[in-house]
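Chemist:
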Amino acid sequence: MPSKEDDIIKNYLNNVKQLDEHNKSYYDKDSPAVSDQEYDDLKKKILETEKNHLFLKNYGSITNKIGFKPSSKFNKIKHAKPMLSLANAFDNNDINDFAKKINNYLNNTNLDLAFSLEPKIDGISASLTYKDGTLVRGLSRGDGEIGEDILDNLKTINQIPHRIKGKDIPKTLEVRGEVYIGKKNFEKIKDKFANPRNAAGGSLRQKNSLVTAKIPLNFFVYGFGKIEPFIFKKQSDFLKKINEWGFKANPHNFLAKNLKEIDSQYNKIEKIRSNLDYDIDGLVIKIDDLLLQARLGNTSNSPRWAIAYKFSSVKAITKINDIVIQVGRTGALTPVAKVEPVTVGGVVVSNATLHNEEEIIRKDIRIGDFVTIQRAGDVIPQVVSVDISKRRKQSKKFVFPTKCPCGFATIKEINPTTKKVDAIRRCPDRGYECQFIAKEKLKHFVSKDAFNIEGLGKKVIDQFWELKLIKKPSDIFNLDYKKIENLEGWGELSVKNLKIATNKSSQILLDRFIYSLGIRHIGQENAKLLSNFFVSVTELIKLFISSKRENLLKNIAELDGIGFAQLNSLKEFFSNKMNRDIVLSLIKYLKIKNSKVLNKNGKLSGKTIMFTGGLEKISRSEAKSLVEDNGGKILGNISSKLNILVVGDSKPTKSKIEKAEKVGIKIIPEVDWYKLLDI
Ligand code: IVH
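In the numbering used here, the protein residues as written are 1 to 679.
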């Protein structure tokens with residue numbers, strides 16, 4: 001006999017399905033199937049059921065998706081400059097590290113750095129382009145590279161001028177900022193949306209701008225994309241000018257002259273946070289000097305010149321029902337507390353990380369304990385402390401397993417630099433031989449910065465893994481679509497979309513391909529280095545040939561940015577037969593393109609450069625970026641392929657200079673290198 005819970009689930013899923021169908025007809029097909037009243041009632045019913053029955057969250061809460069399904073109707077437009085995201089800092093140490101890294105990159109420890117401190121609004125970012133003062137383009141962030149054309153909707157926002165007032169208006173001005181809904185206004189519509197951020201996002205993506213106009217949205221400008229002619233020297237100057245031009249910059253923006261001032265402003269804003277009429281989750285700290293910003297540039301996803309300094313998190317007390325062990329992509333065993341579901345800062349939490357074995361021992365965390373958990377921004381909630389007074393007498397210490405769930409004995413590595421034993425227990429790097437690592441590797445493989453296959457996210461990998469549809473990467477390009485079509489939640493249309501998405505992703509740049517292999521210690525930056533080194537996949541897979549591997553690794557060792565950990569990991573990965581079979585069977589389905597599009601008209605175009613010795617004015621990383629920006633290529637070793645060897649003033653390697661002399665390579669001292677690039 002079906003239980004009451006079964007009935008609730010069945011009913012709930014039925015309603016969600018109906019709502020999905022209404023969404024489709026409303027947002028995509030332009031023809032609402034039900035009246036607004038009926039639609040709203042259904043939405044309300046679902047939200048209430050979710051609120052009353054927390055177990056439903058296992059079925060994927062709809063609160064995050066209703067009302068905001070992006071319409072396929074918006075045109076996609078490439079941003080003039082990518083809209084990046086920010087790295088996070090959680091405490092004062094992280095901020096000191098941020099400043100230290102900047103000094104290192106600029107090769108100067110005595111710089112007087114000033115910082116623009118801006119409240120970080122938890123809204124939706126948008127870009128507005130003005131030509132000769134008139135608003136002509138309005139884009140959502142999209143994936144950061146390509147946004148959606150939501151100009152009509154943005155135009156309904158009062159704080160977005162259609163024409164700019166005032167003086168000195170650049171011919172092209174692209175401002176970027178955050179669209180948000182005030183807390184008071186959100187109160188009026190809160191039964192329809194999970195939080196103010198979702199309300200703003202949903203409203204912005206309405207197909208009908210009249211619907212957007214009904215929801216009172218606001219806009220704070222925080223930055224810019226393309227500006228021509230460029231008239232600013234400081235971020236703070238830009239923010240000042242913005243108000244004169246009729247936009248709104250946040251009134252709590254602040255110019256800090258040093259790190260100490262960052263701290264006091266952070267504390268000040270955290271105190272007034274709850275009195276503001278909009279949600280903020282931290283401060284954005286930016287280097288104020290725009291020339292320095294340009295020199296610092298970006299890593300793959302975020303600028304080096306800015307960081308989000310998050311406010312401390314929200315806490316709650318709950319009970320640990322179980323402790324389970326999760327195996328990550330690199331074999332790390334992470335203990336996770338399954339807790340009694342509890343709302344922390346507006347989000348229902350039922351899992352909290354316990355980090356590692358040592359953390360459990362140190363805090364003596366046990367199953368059945370009452371604990372304080374905290375959530376900061378979008379990071380995984382964690383267990384902060386245990387309330388021992390509530391512990392039952394018969395409670396037992398948690399014994400951390402010494403075996404991976406795959407059955408293999410785990411290890412704790414010794415850090416080659418510190419010689420200390422690592423806190424993390426790992427299933428030794430067995431790649432696809434461990435079924436738990438394999439599944440995580442597949443999730444990495446399809447992720448946003450790797451193959452980025454739309455419709456094939458983590459949950460689908462879990463589902464297809466259980467059904468044995470995907471066990472290794474090549475299976476993704478050889479799916480049994482007939483079987484998928486008959487699965488619950490799949491249909492003709494979603495299968496067709498999946499086919500299109502996998503097909504599209506089978507053309508991939510070499511650096512993304514390398515990154516997607518999920519080799520330990522090879523992140524996006526290192527994947528780029530390797531892709532520049534190998535140029536083609538045919539060259540890359542020579543690493544599989546044992547007679548060539550040693551030599552190749554020797555050359556890779558000389559690449560700036562590659563260290564012992566990377567080399568070791570590459571060696572292990574490419575010596576493994578299973579990895580070889582997996583990669584070789586995969587590349588048959590792919591068209592792998594060489595990644596680097598070099599600047600053909602740069603001062604160094606077609607030239608290969610190598611550095612030896614430290615440079616006085618700039619760091620090695622900046623020098624490398626400069627070479628690439630000017631169309632040149634960095635080489636890691638001296639051969640006849642090298643054009644220029646730049647000899648830095650500080651401790652150049654004698655043997656490299658001698659070898660270069662022998663091969664007849666042009667050798668230039670540091671001063672001439674600056675002259676060459678006019679810096
Ligand atoms: S600067 C490249 N400044 O935070 C710099 N972002 O995590 C990136 N945000 O997508 C943006 N207030 O939506 C910047 N004062 C501020 C901001 C801000 C809110 C949001 C923005 C961005 C996200 C980055």
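For glycine and all other residues, C-beta sits at the position ideal for the given N, C-alpha and C.
For D678, collect the residues of the same chain with a Cβ closer than 6 Å to its Cβ; drop the 5 residues on either side in sequence, then sort them by chain order.
Modeler: none
Chemist: Let me know the secondary structure DSSP gives G147 once reduced to three states.
Modeler: Residue state, collapsed to three classes: strand.
Chemist: Closer than 7 Å: is that where the CB of Y222 sits relative to any heavy atom of ligand 1?
Modeler: yes
Chemist: What's the call for I46, buried or exposed, on a 16-neighbour Cβ count within 10 Å?
Modeler: I46 sits buried, since 16 or more C-beta atoms from the chains shown fall within 10 Å of its C-beta.
Chemist: If you run the structure through DSSP and keep just helix, strand and coil, what is Y278?
Modeler: coil
Chemist: Once you ignore the five residues that flank G632 on each side, which residues in its own chain have a CB closer than 6 Å to its CB?
Modeler: L604, K607 and I609
Chemist: Hey, is E145 close to ligand 1, as in C-beta under 7 Å from one of its heavy atoms?
Modeler: E145: no, Cβ never under 7 Å from ligand 1.
Chemist: Using alpha carbons as the reference points, say which of L552, E187 and A308 lies closest to L570.
Modeler: L552
Chemist: Near T745, which residues of its chain fall below 7 Å by C-beta distance, leaving aside the five closest residues on each side in sequence?
Modeler: This structure leaves residue 745 out entirely; the chain is present only between 1 and 679.
Chemist: When burial is assigned at 16 or more other CB atoms within 10 Å of the CB, is K29 buried or exposed?
Modeler: Low per-residue confidence applies at K29: pLDDT is 45, beneath 50, and the placement is therefore not dependable, though the value from the model is reported in the following sentence. Classification of K29: exposed, given that the 10 Å Cβ count is below 16.
Chemist: Would you say the beta carbon of E359 comes nearer than 7 Å to a heavy atom of ligand 1?
Modeler: no
Chemist: According to the neighbour-count rule (16 or more other Cβ atoms, all chains shown, within 10 Å of its Cβ), is F533 buried or exposed?
Modeler: Label assigned to F533: buried.
Chemist: Determine the closest residue to I227 out of Y130, K315 and V136, with distance taken between C-alpha atoms.
Modeler: Among Y130, K315 and V136, the Cα nearest to that of I227 belongs to Y130.
Chemist: Examine chain B for any beta-carbon lying closer than 8 Å to the beta-carbon of K43, and answer yes or no.
Modeler: Protein chains in the displayed structure number just one, and chain B is not present.
Chemist: With a threshold of 6 Å on Cβ separation, who are the neighbours of S516 within its own chain once the five nearest residues in sequence on each side are excluded?
Modeler: F445, A450 and F451
Chemist: What is the rounded straight-line gap between the Cα of N92 and the Cα of Q293?
Modeler: When rounded, the distance between both Cα atoms is 22 Å.
Chemist: Between the C-alpha atoms of I361 and A337, what's the straight-line distance to the nearest angstrom?
Modeler: 14 Å
Chemist: Which stretch, first to last residue, makes up the alpha helix (DSSP H) that contains L196?
Modeler: The amino acid occupying residue 196 in the given sequence is Pro; Leu does not appear at that position. Element bounds for P196: P196 to L204.
Chemist: Label L291 either buried or exposed according to how many other C-beta atoms from any shown protein chain fall within 10 Å of its C-beta, with 16 as the threshold for buried.
Modeler: exposed
Chemist: According to DSSP, what are the bridge partners of E488?
Modeler: In DSSP, E488 forms no bridge with anything.
Chemist: Please report the residue range of the beta strand (DSSP E) in which A332 lies.
Modeler: No beta strand (DSSP E) contains A332, which DSSP labels as neither H nor E.
Chemist: Going by the C-beta, is L84 closer than 7 Å to any heavy atom of ligand 1?
Modeler: Yes, the Cβ of L84 comes within 7 Å of a heavy atom of ligand 1.
Chemist: From the DSSP output, in three-state form, read off A557 for me.
Modeler: helix
Chemist: Taking just the CA atoms, how far does D7 sit from M1?
Modeler: Bear in mind that a pLDDT of 49 at M1, under 50, signals an unreliable position, so the number given afterwards is only what the model happens to contain. Straight-line Cα distance between these residues: approximately 11 Å.
Chemist: Tell me I668's beta-bridge partners as DSSP assigns them.
Modeler: V646
Chemist: Use the C-beta contact count for H79: other C-beta atoms within 10 angstroms, 16 or more gives buried, fewer gives exposed.
Modeler: buried
Chemist: Hey, could you find the ends of the alpha helix (DSSP H) D422 is sitting in?
Modeler: From DSSP, D422 is part of no alpha helix (DSSP H) but of the beta strand (DSSP E) over V421 to R426.
Chemist: Please report the distance separating the alpha-carbon of Y105 from that of P652.
Modeler: 19 Å
Chemist: List the endpoints of the continuous beta strand (DSSP E) containing M578.
Modeler: Run containing M578: none in the beta strand (DSSP E); it sits in the alpha helix (DSSP H), K577 to I587.
Chemist: Ends of the beta strand (DSSP E) at Y180?
Modeler: For Y180, the uninterrupted beta strand (DSSP E) segment begins and ends at T172 to I181.
Chemist: Identify the residues that DSSP records as bridge partners of K43: which are they?
Modeler: Under DSSP, K43 takes part in no beta bridge, so it has no partner.
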